[in-house]
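Visitor: One structure, as C-alpha coordinates, below. Some questions next.
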Amino acid sequence: MQQRKIPLRRCTGCNEQKPKKELVRVVRSPQGEIALDRVGKMPGRGAYLCPSAQCLAKARKAKRLERALEAQIPPEVYERIEQEIEGAQSGNE
122 MQQRKIPLRR CTGCNEQKPK KELVRVVRSP QGEIALDRVG KMPGRGAYLC
172 PSAQCLAKAR KAKRLERALE AQIPPEVYER IEQEIEGAQS GNE
(Lines of atoms letter the chains of each structure in order from A; the text may use other names.)
(Lines give C-alpha, C1' and ligand atoms only; values in the text may rest on other atoms or scores of the structure.)
Protein backbone atom coordinates (compact mmCIF):
# COMPACT_ATOMS: atom_id res chain seq x y z
CA MET A 122 0.00 0.00 0.00
CA GLN A 123 1.29 3.43 -0.92
CA GLN A 124 1.85 6.02 1.82
CA ARG A 125 -0.20 9.19 1.31
CA LYS A 126 1.83 12.32 0.74
CA ILE A 127 1.43 14.86 3.55
CA PRO A 128 0.80 18.36 2.16
CA LEU A 129 3.44 20.82 3.39
CA ARG A 130 3.02 24.57 3.68
CA ARG A 131 5.50 27.31 4.61
CA CYS A 132 4.85 29.50 7.65
CA THR A 133 4.96 33.18 6.69
CA GLY A 134 6.47 33.97 10.11
CA CYS A 135 9.38 31.58 10.72
CA ASN A 136 9.63 30.42 7.07
CA GLU A 137 9.68 26.74 8.09
CA GLN A 138 7.88 24.08 6.09
CA LYS A 139 5.44 22.07 8.20
CA PRO A 140 2.51 19.74 7.59
CA LYS A 141 -0.57 21.73 6.60
CA LYS A 142 -2.57 20.40 9.59
CA GLU A 143 -0.08 21.97 12.07
CA LEU A 144 -0.48 25.46 10.61
CA VAL A 145 -3.25 28.06 10.80
CA ARG A 146 -4.56 29.50 7.54
CA VAL A 147 -5.25 33.22 7.24
CA VAL A 148 -7.49 33.94 4.27
CA ARG A 149 -8.49 37.03 2.26
CA SER A 150 -11.96 36.37 0.93
CA PRO A 151 -13.01 37.51 -2.56
CA GLN A 152 -14.79 40.40 -0.78
CA GLY A 153 -11.47 41.51 0.75
CA GLU A 154 -12.28 40.38 4.30
CA ILE A 155 -9.35 38.88 6.24
CA ALA A 156 -10.06 36.08 8.70
CA LEU A 157 -8.63 32.97 10.31
CA ASP A 158 -9.66 29.83 8.43
CA ARG A 159 -10.01 27.02 10.98
CA VAL A 160 -11.17 24.33 8.54
CA GLY A 161 -8.84 25.26 5.68
CA LYS A 162 -11.66 25.33 3.14
CA MET A 163 -12.69 28.99 2.95
CA PRO A 164 -12.54 30.48 -0.54
CA GLY A 165 -9.94 33.13 -1.21
CA ARG A 166 -6.23 33.74 -1.08
CA GLY A 167 -4.54 32.06 1.87
CA ALA A 168 -1.32 32.28 3.84
CA TYR A 169 -0.16 29.93 6.58
CA LEU A 170 1.20 30.64 10.06
CA CYS A 171 2.41 28.52 12.95
CA PRO A 172 -0.15 28.81 15.76
CA SER A 173 2.22 30.97 17.82
CA ALA A 174 2.32 34.66 18.69
CA GLN A 175 6.04 34.79 17.79
CA CYS A 176 5.42 33.75 14.17
CA LEU A 177 2.55 36.22 13.87
CA ALA A 178 4.81 38.99 15.24
CA LYS A 179 7.58 38.12 12.74
CA ALA A 180 5.13 38.03 9.83
CA ARG A 181 3.61 41.33 10.93
CA LYS A 182 6.97 43.08 11.35
CA ALA A 183 8.19 42.05 7.90
CA LYS A 184 4.72 42.58 6.33
CA ARG A 185 4.87 39.00 5.00
CA LEU A 186 1.14 38.37 5.53
CA GLU A 187 0.28 41.54 3.63
CA ARG A 188 2.48 40.44 0.73
CA ALA A 189 1.12 36.88 0.73
CA LEU A 190 -2.51 38.04 0.83
CA GLU A 191 -1.90 41.01 -1.49
CA ALA A 192 -3.83 43.31 0.84
CA GLN A 193 -3.25 45.91 3.54
CA ILE A 194 -4.02 44.47 6.97
CA PRO A 195 -5.29 46.91 9.61
CA PRO A 196 -3.90 46.57 13.19
CA GLU A 197 -7.27 45.43 14.58
CA VAL A 198 -7.23 42.42 12.22
CA TYR A 199 -3.77 41.43 13.50
CA GLU A 200 -5.07 41.76 17.08
CA ARG A 201 -8.09 39.56 16.29
CA ILE A 202 -5.84 36.91 14.67
CA GLU A 203 -3.54 37.02 17.71
CA GLN A 204 -6.49 36.53 20.09
CA GLU A 205 -7.81 33.62 18.02
CA ILE A 206 -4.37 31.96 17.94
CA GLU A 207 -4.02 32.38 21.72
CA GLY A 208 -7.53 31.00 22.17
CA ALA A 209 -6.73 27.97 20.00
CA GLN A 210 -3.52 27.32 21.98
CA SER A 211 -5.25 27.38 25.36
CA GLY A 212 -7.97 25.09 23.98
CA ASN A 213 -5.39 22.48 22.90
CA GLU A 214 -3.56 22.21 26.23
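Start counting the sequence shown at 122; every next residue gets the next number (the numbering used here). Glycine residues also receive a C-beta, built at the ideal position from the N, C-alpha and C atoms. Remember, it's a predicted structure, so these values are computed and weren't measured experimentally.
What residues in its chain sit with their C-beta under 7 angstroms from that of L186, if we drop five residues either side in the sequence?
Guide: Your numbering for residue 186 matches position 65 in the sequence shown. Excluding residues within five positions, the ones whose Cβ falls inside 7 angstroms are T133, V147, A168, A180 and I194.
Visitor: Check the C-beta distance from L190 over to R159 and give it rounded, since I have them as a contact under 8 angstroms.
Guide: Reading the sequence shown from its first residue, position 69 is the one you call residue 190. Reading the sequence shown from its first residue, position 38 is the one you call residue 159. Between R159 and L190 the Cβ distance is about 17 angstroms, and since that is not below 8 angstroms, they are no contact.
Visitor: P196 to V145, Cα distance in whole Å?
Guide: By one-based count along the sequence shown, residue 196 stands at place 75. By one-based count along the sequence shown, residue 145 stands at place 24. Their backbone Cα atoms lie some 19 angstroms apart in a straight line.
Visitor: Would you give the residue range spanned by the beta strand (DSSP E) that L170 belongs to?
Guide: Start at 1 with the first residue of the sequence shown, and residue 170 comes out as number 49. That run of the beta strand (DSSP E) goes R166 to L170.
Visitor: With DSSP as the reference, please indicate the residues paired to L129 in a beta bridge.
Guide: For the purposes of this step, residue 129 is identified with residue 8 of the sequence shown, where counting begins at 1. L129 is bridged to P140.
Visitor: Quick check: the Cα distance between E137 and P172, rounded to an integer number of angstroms?
Guide: As a working note, residue 137 is residue 16 in the sequence shown. As a working note, residue 172 is residue 51 in the sequence shown. Approximately 13 angstroms between the Cα atoms of the pair.
Visitor: Apart from the five residues on each side of it in sequence, which residues of its chain come closer than 6 angstroms, Cβ to Cβ, to V198?
Guide: Taking the first residue of the sequence shown as 1, we reach residue 198 at position 77. Once the five neighbours on either side are set aside, the close Cβ partners of V198 are I155.
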